[in-house]
Amino acid sequence: MNHFLAIGDLTAAEFNRYLTTAQKLKAEWKRRGNAPRLKNKTLGMIFQKPSLRTRVSFDMAMLHLGGHALYLSPNEIGLGQRESIADVSRVLSRYVDGIMARVFAHAHVTELARYARVPVINGLSDWEHPCQALGDALTMVEHLGKLKGKRVAFFGDGNNVARSLMFACALSGAHFVCASPRGYELDAASLEKAGARAAKTGGSVAAIGDPQSAAQDADVLYADVWASMGQESEAAERAKKFPPYQVNTNLLALAKPTAMVMHCLPAHRGMEITDEVMDGNQSAVFDQAENRMHAQKAILAELMAGGKFVMRNA
Ligand code: CP
Ligand code: NVA
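Numbering-wise, the working numbering comes out as the position in the sequence shown, counting from 1, plus 934.
Pasting the structure below:
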């Protein structure tokens, strides 16, 4: 059984296959709509946290591919509370053809996968946001032509989005740097694992403290919230430590003139990113949001089309 749980689990060949499928499905959709590869297939979507992009883009992706998505709200199934994660997974596997889950602890999505008889997709955990990274890779390739050799700088917390982006860059031969306040860096084990991947593709990964040197000659400046979902109680403390990592016009001035600005959204405007930069002509944030849908179509088609996934010439 194939699942899509973490970019850190993928080989470069697997990652590139998802990316190529996303490009083809996007081109097909723009031209004439997608063929109904997932006709009569259903996706159960478990949410322990709020969502705009993930919920709507998965729903639309299933619709465009001829299938159906079922939204299960945080209060509805009480994952691990009303009943065990294993039992939720066993039961859902009898009804649906795939499960997408947005959870607090990454162990919850791996537990779902362990007991599922259908593919499980991580729609964000505290460890990784792999669907975001695939959509972001699509966006970077569209804007920059390729990822290999490009300099991608992430500012702020070494969080789920940063980790998935780091692995996507490492698998693609890009140079990734994460600039964080002390105590909020990406963990050493992930840096080492991604570094080993990057050594094979000609890329590199680094975690540093200085935002200015991270921005220098960058092709991409990437921001995310300073306090993620589940860290609300730390928001005030983080708001004191993170302002030097704000993506603003001063930071952007250090990057390449052609640099693109990215944010996975939702944004806290005036905190991790300024209005000027987010609404400026170097911003790709709404292309990113759109590309979530195209990237997820690739994940769904690759995992759920029952081995019959055939791409027409797109
Ligand atoms: N970027 C992202 O995952 O957005 P949502 O939290 O709205 O799904
Ligand atoms: N790091 C953020 C991403 C939201 C899409 C969070 O986990 O809340």
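Ideal placement from N, C-alpha and C gives every residue a C-beta, glycine not left out.
To which residues of the same chain is residue i closer than 6 Å at the C-beta, ignoring the five residues directly before and after it?
{"i": "proline 970", "result": "Gly1000"}
{"i": "alanine 1104", "result": "Ala1128, Arg1131, Ala1132, Gly1137 and Val1139"}
Compute the Euclidean distance between the alpha carbons of residue i and residue j, then round it to the nearest angstrom.
{"i": "cysteine 1198", "j": "arginine 1036", "result": "15 Å"}
{"i": "alanine 1108", "j": "serine 1027", "result": "38 Å"}
{"i": "phenylalanine 949", "j": "alanine 1130", "result": "16 Å"}
{"i": "alanine 1128", "j": "isoleucine 941", "result": "10 Å"}
{"i": "methionine 1212", "j": "valine 1025", "result": "43 Å"}
{"i": "glutamate 1210", "j": "valine 1181", "result": "10 Å"}
{"i": "alanine 1122", "j": "phenylalanine 1110", "result": "15 Å"}
{"i": "valine 1043", "j": "alanine 1170", "result": "29 Å"}
{"i": "methionine 1100", "j": "valine 1195", "result": "16 Å"}
{"i": "glycine 1079", "j": "glutamine 1150", "result": "20 Å"}
{"i": "leucine 1251", "j": "leucine 1068", "result": "Coverage of the chain is limited to positions 935 through 1248, which leaves residue 1251 absent and any answer about it impossible."}
{"i": "aspartate 1021", "j": "glycine 1214", "result": "48 Å"}
{"i": "leucine 972", "j": "threonine 1208", "result": "40 Å"}
Count the other CB atoms within 10 Å of the CB of residue i; is the residue buried (16 or more) or exposed (fewer)?
{"i": "tyrosine 1029", "result": "exposed"}
{"i": "glycine 1032", "result": "buried"}
{"i": "phenylalanine 1176", "result": "buried"}
{"i": "asparagine 1184", "result": "exposed"}
{"i": "serine 1106", "result": "buried"}
{"i": "glutamine 1015", "result": "exposed"}
{"i": "threonine 954", "result": "exposed"}
{"i": "alanine 961", "result": "exposed"}
Skipping 5 residues on each side, what residues in its chain have a beta carbon closer than 8 Å to that of residue i?
{"i": "proline 1178", "result": "Pro1115 and Pro1145"}
From the options, pick the residue whose C-alpha is nearest to that of residue i; which is it?
{"i": "tyrosine 1286", "options": "Asp1021, Pro1053, Leu1186 and Lys983", "result": "Residue 1286 falls outside the range modelled here, since the chain spans only 935 to 1248, and no answer is possible."}
{"i": "serine 1098", "options": "Met935, Lys1134 and Leu944", "result": "Leu944"}
{"i": "phenylalanine 938", "options": "Cys1112, Gln1180 and Pro1053", "result": "Pro1053"}
{"i": "phenylalanine 1038", "options": "Ser1023, Leu1013 and Arg1048", "result": "Leu1013"}
{"i": "glutamate 1119", "options": "Ala1020, Leu986 and Phe1089", "result": "Phe1089"}
{"i": "methionine 1163", "options": "Arg1016, Phe981 and Thr1073", "result": "Phe981"}
{"i": "alanine 1201", "options": "Trp1061, Arg989, Cys1112 and Ser1217", "result": "Ser1217"}
{"i": "aspartate 1060", "options": "Asn1225, Asn1093, Asp1070 and Lys960", "result": "Asn1093"}
{"i": "tyrosine 1005", "options": "Gly1057, Ala1223 and Asn936", "result": "Gly1057"}
{"i": "serine 1147", "options": "Leu1068, Arg965 and Lys1190", "result": "Lys1190"}
{"i": "arginine 1172", "options": "Glu1224, Gly1117 and Ala1193", "result": "Gly1117"}
{"i": "asparagine 974", "options": "Leu1081, Glu1045 and His1002", "result": "His1002"}
{"i": "glutamate 1206", "options": "Ala1113, Ala1223 and Leu959", "result": "Ala1113"}
Keeping to the same chain, check which residues put their C-beta closer than 7 Å to that of residue i; ignore five residues upstream and five downstream.
{"i": "valine 1095", "result": "His1063, Gln1066, Asp1158 and Cys1198"}
{"i": "alanine 995", "result": "Met1227, Gln1230, Lys1231 and Leu1234"}
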